[in-house]
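Residue numbers (my numbering): 2 to 435.
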Ligand code: PLP
């Protein structure tokens with residue numbers, strides 16, 4: 002495969018954009034690659050780069066594209082309005098349509114505010130929780146990523162982990178003091194902390210997917226719900242990834258646990274920029290212009306994004322078997338990965354939930370939290386990543402992210418993926434044997 006055009010673009014970008022990319026998770030530095038691929042177009046389960054190489058895609062816009070690239074239903078709906086105008090700074094029908102669908106489907110949401118990104122949604126939800134409780138401190142879990150607002154960039158996951166750190170520079174001591182952190186899954190410590198400190202909210206990815214995927218125990222979320230209720234702490238489920246992916250109603254429907262506030266993003270924009278936070282009416286009515294918790298946005302609830310999100314969610318709602326089929330396809334793939342790992346003597350721990358998975362290159366029975374996840378062999382991951390890419394399969398360029406399937410990944414794509422995975426596992430096995 003030739004990567005010349007991508008390499009040339011990257012060299013140019015390096016002089017113009019920090020690190021040549023507009024989000025660090027797009028860099029291929031940690032997997033020892035000269036340059037990331039620059040994408041020209043996508044169709045179904047596939048993407049095509051500027052050198053016209055074709056790939057099966059397991060990033061799917063970091064989970065946004067559960068229907069695959071350019072799903073005809075989404076395109077059809079977007080086309081209906083794209084020539085009308087782009088954005089008005091005044092309300093449109095499409096925001097109301099999307100809000101109505103979200104309120105109907107997501108159990109905890111009685112009212113919702115649309116934003117432009119997941120970062121904005123979590124930032125605003127935390128502010129709202131502070132205003133509602135009159136408390137300053139918040140609790141988050143090590144390795145969970147909730148976007149890049151100051152308060153949430155402490156002991157964070159995703160691109161920070163990939164680059165070997167967890168707290169961003171540039172955060173004030175005050176913010177650091179107010180963001181408390183604990184290991185994911187440690188209910189005893191949560192109970193202890195919440196009974197001894199005044200905490201405004203607990204924010205959690207109900208299925209953490211930003212330190213690699215963690216398979217949450219339901220009892221942990223049940224415990225969080227119980228303790229937060231008893232201590233009058235706001236429970237925020239950050240469902241930017243899990244919303245409309247783990248089940249139509251997200252992780253809260255899947256586990257049967259209702260948080261006070263929920264944040265959404267990715268799928269609800271059908272691949273366009275979007276986010277949302279919502280929850281109990283009583284809390285949401287503190288948001289301006291009803292209350293005095295300020296949230297605003299020039300492009301909040303953008304009509305094209307709202308239309309694309311509405312089309313995506315409507316399709317998911319009309320085809321409820323999608324979730325079962327996605328899980329079956331994921332299991333088919335992973336059962337075979339397990340066999341490959343055994344055949345070539347490669348230590349792996351595979352975590353999966355629904356259509357999300359991470360292959361941890363680690364000698365552990367289970368990866369349960371950040372401490373476990375950091376034990377993974379990133380050198381083996383790098384061999385895996387590069388073998389996949391050089392043979393037409395794009396997986397996340399980091400051990401600490403999840404793979405995403407879409408409904409466009411059929412048996413054909415999965416079998417080709419397994420063929421290439423076999424090459425990767427063979428290489429890793431041979432390296433280990435030396
Ligand atoms: N929350 C979670 C769980 C995420 O995974 C992300 C992004 O990946 C965010 C929040 C931030 O969303 P955005 O990238 O749209 O700002």
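All residues carry an ideal CB built from backbone N, CA and C; glycine is no exception.
Tell me the residue span of the alpha helix (DSSP H) that contains residue 336. 323-344
Along the chain, where does the beta strand (DSSP E) that runs through residue 353 open and close? 350-354
Please state whether DSSP places residue 235 in a helix, a strand or coil. strand
With DSSP run on the structure shown, which of helix, strand or coil describes residue 183? strand
Looking at the secondary structure, which residues open and close the alpha helix (DSSP H) in which residue 403 lies? That residue, residue 403, is in no alpha helix (DSSP H); it is neither H nor E in DSSP.
Start and end of the alpha helix (DSSP H) containing residue 316? 304-319
By how many angstroms is the C-alpha of residue 390 removed from the C-alpha of residue 23? 21 Å
In three-state DSSP terms, what is residue 1? This structure leaves residue 1 out entirely; the chain is present only between 2 and 435.
Residue 276 lies in the beta strand (DSSP E); which residues open and close that run? 276-280
Going by beta-carbon coordinates alone, are residue 409 and residue 46 separated by less than 8 Å? yes
Alpha-carbon spacing of residue 330 relative to residue 26, whole angstroms: 26 Å
Give the straight-line distance between the Cα atoms of residue 31 and residue 49, rounded to the nearest whole angstrom. 22 Å
DSSP three-state call for residue 48: helix, strand or coil? strand
In chain order, what residues place their C-beta within less than 5 Å of a heavy atom belonging to ligand 1? 118, 119, 120, 147, 148, 206, 239, 241, 242, 266
Where residue 155 and residue 52 are concerned, what is the direct C-alpha to C-alpha distance, given to the nearest angstrom? 39 Å
Alpha carbon of residue 258 to alpha carbon of residue 222, nearest angstrom: 7 Å
Return yes when the C-beta of residue 151 is under 7 Å from any heavy atom of ligand 2, and no when it is not. What this structure holds is ligand 1, not ligand 2.
From residue 229 to residue 338, what does the alpha carbon distance come to, in whole angstroms? 39 Å
Between the stretch 383-400 and the stretch 52-69, are three or more C-beta pairs nearer than 8 Å? yes
What are the start and end residues of the beta strand (DSSP E) that includes residue 361? 357-361
Who are residue 116's beta bridge partners in DSSP? 276
Collapsed DSSP secondary structure at residue 43 in the structure displayed: strand
I think residue 185 touches residue 143, with their Cβ atoms under 8 Å apart; what is that distance to the nearest whole Å? 6 Å
Looking only at its chain, what residues have a beta carbon closer than 7 Å to the beta carbon of residue 20, apart from the 5 residues adjacent to it on each side? 28
Measuring straight from C-alpha to C-alpha, what distance separates residue 348 and residue 364? 5 Å
In the DSSP assignment, the beta strand (DSSP E) including residue 139 goes from what residue to what residue? 138-142
Looking at C-beta atoms only, is the number of pairs between the stretch 288-302 and the stretch 75-83 that lie closer than 8 Å three or more? no
Going straight from the alpha carbon of residue 118 to that of residue 298, what length do you get? 10 Å
Would residue 243 pass as a contact of residue 250 if the rule is Cβ separation under 8 Å? no
N- and C-terminal bounds of the beta strand (DSSP E) containing residue 67: Taken as a continuous stretch (DSSP letters only), residue 67 belongs to no beta strand (DSSP E), as it is neither H nor E.
Considering only their Cβ atoms, is the gap separating residue 140 from residue 75 smaller than 8 Å? no
Check whether the stretch 231-247 and the stretch 64-78 touch, using three or more Cβ-Cβ pairs below 8 Å as the test. yes
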